[in-house]
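In the UniProt record's numbering, the protein residues as written are 1 to 490.
See below for the structure under consideration.
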Ligand SMILES: Cc1cc2nc3c(=O)[nH]c(=O)nc-3n(C[C@H](O)[C@H](O)[C@H](O)COP(=O)(O)OP(=O)(O)OC[C@H]3O[C@@H](n4cnc5c(N)ncnc54)[C@H](O)[C@@H]3O)c2cc1C
Ligand SMILES: NC(=O)c1ccc[n+]([C@@H]2O[C@H](COP(=O)([O-])OP(=O)(O)OC[C@H]3O[C@@H](n4cnc5c(N)ncnc54)[C@H](OP(=O)(O)O)[C@@H]3O)[C@@H](O)[C@H]2O)c1
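Here is the structure:
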């Protein structure tokens, strides 16, 4: 079986399938290093969340598991973060495996689609998160490369006139971004945050962060642990919001989890505003309208929002109507944190694998079997499982869910694969041709220009990062350029 992607979805699917059947697994990863968002998404000050890597390392120890790192499936555009990587076409994989699991996550971000979104100083949260977590950039110096983007973030954070940041969206990623901007940099120095990001954040002059939602507190996507962390940040105060109109009069009547969350939000920060040296706010019922430049043309100076009205402020599913009333927030730095986005892999069209662009997910039966339209003998179209193709994780259900729910989801996919195999359902042709896996793919595709990273190679990179981290008094010091990762391997 081929698994595309080495994040939680890929590893948990591999783990479960290997536990239930004798299966050989090749795991393809576009980057030279594994673990997806566990390495490049999870906030550096949440090291305990990364403990799942221990389970993944256990999976990788199996003699039936092979890591094919630094190899993207698709075409050259499939490896935007790694110009030093190889790529193999999906069609080649389809010829050499019994089954293929798409677990390649969401490597793009959603856009707001409002005027001014491309002004300097307006960033995707995904780019900021990738930057502070050391996600390798594309080729330095290339127009629009993420290397240039990282340089822009570094410069913009340290500008003398930049003291107010706006984060759009009220999910947990938005809170991660706000926390990184507000937390004392000495706390972050003890984490695996990249050296470059630490240096830039130590020079940041951000004193005020607006976390803006188009709906209210009862509809917010963040969760209690994450909001509580912000409330407890030393020296950081929360501006109060209008609890009278946005929260129900009797919080105690709410279901327990929601009541506790609303109590934390209503209580506010431990540090009173009068004693705070940095501040933040949860700005509710504001829909982004536009961003505009000031004297410095091309650079954001103002975020304009339209006030919204909730159909029912106390209903967690409430929608909003726009009121026409505008509100300006002067700001020099904006992060849109409205969700990640998956896209189709190059090769989907040729193979007939359907992708829902709007929801950013592969069409599947909810259990992980990829679906496709098939013409019946009477010429009508029906949707049926596409033999041998499966999906798991964010590319299966859209870019939401924590590692625990991604694990559950991956287990569901693995169970579908095992059930299909045991009930002798049709699979890909790989078994008929001897299922030669990566050996067969490699014989067919020229990857000679790029180093293919094995698990043993990754362990060498890992060790160098850990050793360097120890010298600096932190858990790990990550390589942020793929050429530096590969240089470890000689
Ligand atoms: C900023 C952020 C912070 C988060 N923090 C937490 C947290 O604290 N706690 C928590 O429980 N959850 C957290 N999550 C959620 C968690 O990270 C996800 O649930 C989980 O990572 C999704 O797993 P996945 O395997 O589907 O995708 P990913 O983790 O994104 O893995 C996909 C992998 O596929 C690889 N890939 C992509 N394209 C290709 C290709 N063409 N060929 C080969 N490989 C490819 C990628 O490089 C990546 O390694 C966070 C998410 C984000 C965005
Ligand atoms: N510590 C953790 O456990 C942790 C940390 C980070 C991420 N994660 C998880 O990773 C997943 C992804 O997180 P996320 O924050 O990217 O996504 P999310 O939880 O889906 O939140 C997205 C936010 O963006 C808003 N939004 C969407 N479209 C918008 C638009 N056009 N205009 C204005 N606002 C818009 C949403 O508001 P509406 O609700 O109004 O649509 C919502 O507030 C979540 O499951 C999250 O819990 C977990």
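C-beta: ideal position from N, C-alpha, C; glycine also.
Around the CB of residue 332, 16 or more other CB atoms lie within 10 Å, so the residue is classed as buried. Between residue 82 and the set 30, 309, 460, the nearest pair of CA atoms involves 30. Taking C-beta atoms under 8 Å as the contact rule, residue 284 and residue 216 qualify, at a distance of about 5 Å.
Collapsing the DSSP output to three states places residue 338 in coil. Secondary structure at residue 123: strand, using DSSP grouped into helix, strand and coil.
Annotation for residue 134: 194, 478, 480 place their beta carbon closer than 6 Å to its own, counting only its chain and skipping 5 residues before and after. Pairing residue 25 with residue 436, the inter-Cα distance amounts to about 11 Å. Counting only residues of its own chain and dropping the five nearest sequence neighbours on each side, residue 115 has a CB closer than 6 Å to the CB of 290. The nearest non-hydrogen atom of ligand 1 is 6 Å or more from the C-beta of residue 353. A distance below 7 Å separates the beta carbons of residue 191 and residue 44. For residue 69, no alpha helix (DSSP H) segment is defined; the enclosing uninterrupted segment is the beta strand (DSSP E) at 65-69. DSSP places residue 285 outside any beta strand (DSSP E), giving it a letter other than H or E. Of all alpha-carbon atoms in 171, 196, 17, 202, the one lying nearest the alpha-carbon of residue 181 is that of 202. C-alpha of residue 404 to C-alpha of residue 377: approximately 43 Å in a straight line. Taking C-beta separations shorter than 8 Å and ignoring five residues to either side along the sequence, the partners of residue 427 in its chain run 98, 99, 387, 388, 420, 421, following chain order.
DSSP, reduced to helix, strand and coil, places residue 296 outside both helices and strands of the structure shown, so it counts as coil. At least one heavy atom of ligand 1 lies less than 6 Å from the C-beta of residue 29. Note that the C-beta distance between residue 441 and residue 200 is not below 7 Å. Counting C-beta pairs closer than 8 Å gives fewer than three between the stretch 72-80 and the stretch 301-309, which falls short of the contact rule.
Distances from the alpha-carbon of residue 34 to those of 50, 414, 161, 293 put 50 closest.
Here DSSP, grouped into helix, strand and coil, assigns residue 332 to coil. Not one heavy atom of ligand 1 is found less than 6 Å from the C-beta of residue 137. Taking non-hydrogen atoms of ligand 2 into account, the C-beta of residue 454 is found less than 6 Å away from none of them. Looking only at 454, 267, 489, 250, the smallest Cα-Cα distance to residue 61 is reached by 454. Proximity of the beta carbon of residue 48 to ligand 2 is not indicated: no heavy atom of the ligand is located closer than 6 Å. The DSSP assignment places 394-397, 403-422 as complete runs of the alpha helix (DSSP H) inside the stretch 373-441, in order along the chain (cut-off: 4 residues). Comparing C-alpha distances from residue 132 to each of 197, 488, 297, 10 shows the shortest one belongs to 197.
The stretch 256-268 and the stretch 228-238 touch, with no fewer than 3 CB-CB distances between them shorter than 8 Å. At the C-beta level, residue 222 and residue 175 come within 7 Å of one another. Within the same chain, Cβ atoms closer than 7 Å to the Cβ of residue 42 are found at 49, 50, the five residues on either side in sequence being excluded. At a Cβ-Cβ threshold of 7 Å, residue 167 and residue 337 count as neighbours. Taking the C-beta atoms as reference points, residue 280 is found no nearer than 7 Å to residue 125. For residue 398 and residue 38, the gap between their C-alpha atoms comes out near 17 Å. Listed in chain order, the non-local C-beta contacts of residue 89 below 6 Å within the same chain comprise 347, local neighbours out to five positions each way being set aside.
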